[in-house]
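Numbering (my numbering), first residue to last: 4 to 740. Every residue gets a Cβ at the ideal spot worked out from N, C-alpha and C, and that includes glycine. First comes the structure, then the notes that go with it.
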């Protein structure tokens, strides 16, 4: 079966046919990078390269599965032996095989964020560190960032300087040791331990260098230091490495992604070739022009010029709302209009926002108006309580040293409370033993009541029984048996509520997931299923078959596309967020995030902002985002925008209405004229004046709105960014220097 390259454009074809040596493919949004990657892998196989020698890495299981299916269609079933998947899933696979060399067994478990946080809280409790004064999540995030940069506890002990960093160092050291003791790894360890493995054992590194002669990486701009270090080690012998990415879509700096990796690649592989994919196949020309104007304001970027053969398309509609409720009402009305007039489905529409909290208002209006919706980034399937309870039982069967799962199972037992479990954890910490070891030693268990000891004995018998049956039973049968023995379904049936029925449905869906895993896996073992579960992302759980509007953060929307897109909340302090005000790097990442949001749209794009929004429990005046203000003049010259400032919010059903609001072109970005000379109310608060606010600190007045006692001022504060202040309520001091 010949790979057809005739459907590729010139740049795509050149990138596919260059197979020996390093290459950097700069792939603009919607430029067909997935087609290039799949075609290149198929072309490698057709050229005589064994699929066994190919390693292909991406960032979501969804993307990896789709690519593998396409490759199999192109070259046949031989492609099934390709190692293709996420960084974490592929390196977890290596770690399972090599675990003994680094002090683990191959049945190690993988802790999710909640499990990891539980360990940190336990360590803080043992060290008498107050979780009220020091947020455990802050420590967790700091540790994750250190691991992403491949900074181990011993190294950080010499780097920590501040009080908080010293606390982190102390907890990090204990945390790292505790996980090893529990034969467990967290998400970040799946990148840390391959580096430890390869650096310590040159022969093991040599084995995988020889195995993976051809390496291809998708979304390279999202790699962190640890990921790039692994790739660099693996690719040094043959240097047949292809990285595909777009610096303009680098939006994960907050979780360790290093845009610098793109530039370092060019230095580390000096004989590389660069291929630029600049033809966009997704969006209309107007949408693409807007994206270009947005990203052009960033200083640090690789030059590229996206273009399309598509038509000009519709103008971008800018919706100005009075309040966040008004914003939701407008979007609801326009969705109804889009569905009716374009004859599209609800699933063709997405609402993107900067923070998860923004979904609440949309949900209320959608429920009121009968619009079906799904939320990406809510409680994931595998994070629901009933599912986590069952998984905890399965995890201690796979790995009895898994302390977090063991504690969860113990606390599910009636008659065994938190106080008893905490006593036993304290003993384990003092003796430097695993909790499971403590449970087996009768003199330690004697510190708790006889009733509690009996419950512990039940758990120990359960573990021993199923560790034996695990080798004798098929996986689906094993999971069903565990569920039956826990009694969780029986308990839920006794509740007899809608919620309990839904939880039973979830448990049945878990059994379905196990069955599907067994059907599709070459190694249908419990440990492998638990690994797959641990690495599921938000995007992997999107139900594309459900006909519903998708609500999601822009970060979650990466890699997706929709005919109609609404980007909501373009306001200072929200998008961009306050944290970006004092950092050029963070501000440029926020702008890249806006660029990513815009380029999700295929046909029609809406951008919305509100003048007032409830934030932190208080109604606050909002100021339109600088991302809009800085491009508005250019958009005006290109005639890209049309505006709707009509206020429509009513407490009534509006989804059945077609859009009748006028499109009014107004200059939202223009500063209102200063008040006439006869209005001397707050006359000392004028544009350009430096002021001091008792709550927000020092700032400078950017604009004045309204008259007399209704005057408001847009003030850019040094510490908290831009805010709109009602002058009659504000306690301002004027700096006349």
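- [ ] Output yes or no for whether 7 angstroms exceeds the beta carbon distance between residue 47 and residue 278.
- [x] no
Task: Start-to-end residues for the alpha helix (DSSP H) that takes in residue 515 - done: Judged by DSSP secondary structure, residue 515 falls within the alpha helix (DSSP H) whose first and last residues are 501-523.
Open item on the list: Here's the rule I'm using: 16 or more other beta-carbon atoms within 10 Å means buried, otherwise exposed. How should residue 227 be labelled?
Closed with: Buried.
Task: Unbroken beta strand (DSSP E) run spanning residue 645, endpoints - done: 644-647
TODO: Have a look at residue 569 and residue 587 and give me their C-alpha separation to the nearest angstrom.
DONE: 27 angstroms
Task: First through last residue of the alpha helix (DSSP H) which encompasses residue 601 - done: 587-601
Open item on the list: Output needed for residue 129: all residues of its chain with C-beta closer than 6 angstroms, excluding positions within five of it in sequence on either side, in chain order.
Closed with: Taking residue 129 as the centre and dropping the five residues before and after it, the same chain places the C-beta of 432 closer than 6 angstroms to its C-beta, in chain order.
TODO: List the residues that DSSP assigns as beta-bridge partners of residue 245.
DONE: Residue pairing of residue 245 in beta bridges, as defined by DSSP: 26 and 219.
Open item on the list: Could you tell me the alpha carbon to alpha carbon distance between residue 324 and residue 354, rounded to whole angstroms?
Closed with: So the alpha carbons of these two residues sit roughly 16 angstroms apart.
TODO: Kindly confirm or deny that the stretch 611-631 and the stretch 311-331 touch, where touching means at least three C-beta pairs closer than 8 angstroms.
DONE: yes
- [ ] Confirm, please, whether the CB-CB distance from residue 224 to residue 249 is below 7 angstroms.
- [x] yes
Task: Sequence-distant residues of the same chain with beta carbon closer than 8 angstroms to residue 154, five excluded per side - done: 162
TODO: Consult DSSP for residue 624 and reduce its assignment to one of helix, strand or coil.
DONE: Strand at residue 624.
Open item on the list: Please tell me whether residue 44 and residue 75 are closer than 7 angstroms, where the distance is taken between their beta carbons.
Closed with: no
TODO: Identify, in the order they occur along the chain, each residue of the same chain with its Cβ nearer than 7 angstroms to the Cβ of residue 655, setting aside the five sequence neighbours on each side.
DONE: Reliability of the predicted coordinates at residue 655 is poor, the pLDDT of 42 falling under 50, and the value obtained from them is presented with this limitation in mind. Correct list: empty, nothing qualifies.
Open item on the list: When you compare the stretch 581-595 with the stretch 367-378, are there three or more beta-carbon pairs, one atom per stretch, that lie closer than 8 angstroms?
Closed with: No: fewer than three Cβ pairs fall under 8 angstroms.
Task: Helix, strand or coil at residue 738 according to DSSP, with G and I counted as helix - done: strand
TODO: Report the partner residues of residue 616 according to the DSSP bridge assignment.
DONE: 623
- [ ] Would you check if there are 3 or more beta carbon pairs closer than 8 angstroms linking the stretch 449-468 to the stretch 416-427?
- [x] yes
Task: Contact under 7 angstroms by Cβ, residue 365 with residue 554 - done: yes
Open item on the list: Tell me which residue opens and which closes the alpha helix (DSSP H) that residue 343 is part of.
Closed with: 327-345
Task: Uninterrupted alpha helix (DSSP H) stretches inside the stretch 134-212 (no shorter than 4 residues) - done: Fully enclosed alpha helix (DSSP H) runs of 4 or longer: 139-151, 156-162, 166-184 and 192-203.
Open item on the list: With H, G and I counted as helix, E and B as strand and the rest as coil, what does DSSP make of residue 437?
Closed with: coil
Task: Beta-carbon proximity check, residue 26 vs residue 276, cutoff 7 angstroms - done: yes
Task: Alpha-carbon to alpha-carbon, residue 603 and residue 41 - done: Going from the Cα of residue 41 to the Cα of residue 603 covers about 21 angstroms.
Task: Secondary structure of residue 54, DSSP reduced to three states - done: helix
TODO: Report the rounded CA-to-CA distance for residue 514 versus residue 361, giving the unit in angstroms.
DONE: 34 angstroms
Task: Whether residue 230 touches residue 194 by CB criterion (7 angstroms) - done: yes
- [ ] Within the same chain, show all residues whose beta-carbon is closer than 7 angstroms to that of residue 738, passing over the 5 residues directly before and after it, in chain order.
- [x] 693, 694 and 695
Open item on the list: Within 10 Å of its beta-carbon, does residue 471 have 16 or more other beta-carbons around it, so buried, or fewer, so exposed?
Closed with: exposed
TODO: Return the CA-CA distance between residue 316 and residue 601, expressed in angstroms with no decimal places.
DONE: 14 angstroms
- [ ] May I have the straight-line CA-CA distance separating residue 707 from residue 135, to the nearest angstrom?
- [x] Taking the straight line from one Cα to the other gives about 41 angstroms.
TODO: Measure the Cβ-Cβ separation of residue 641 and residue 292 and say whether it is below 7 angstroms.
DONE: For residue 641 and residue 292, yes; Cβs fall inside 7 angstroms.
- [ ] Please determine if the stretch 433-441 and the stretch 477-486 are in contact, where contact requires at least 3 C-beta pairs separated by less than 8 angstroms.
- [x] no
TODO: Kindly give me the distance between the Cβ atoms of residue 482 and residue 517, rounded to whole angstroms, as I take these residues to be in contact under 8 angstroms.
DONE: 5 angstroms
Task: DSSP-derived helix/strand/coil call for residue 726 - done: strand
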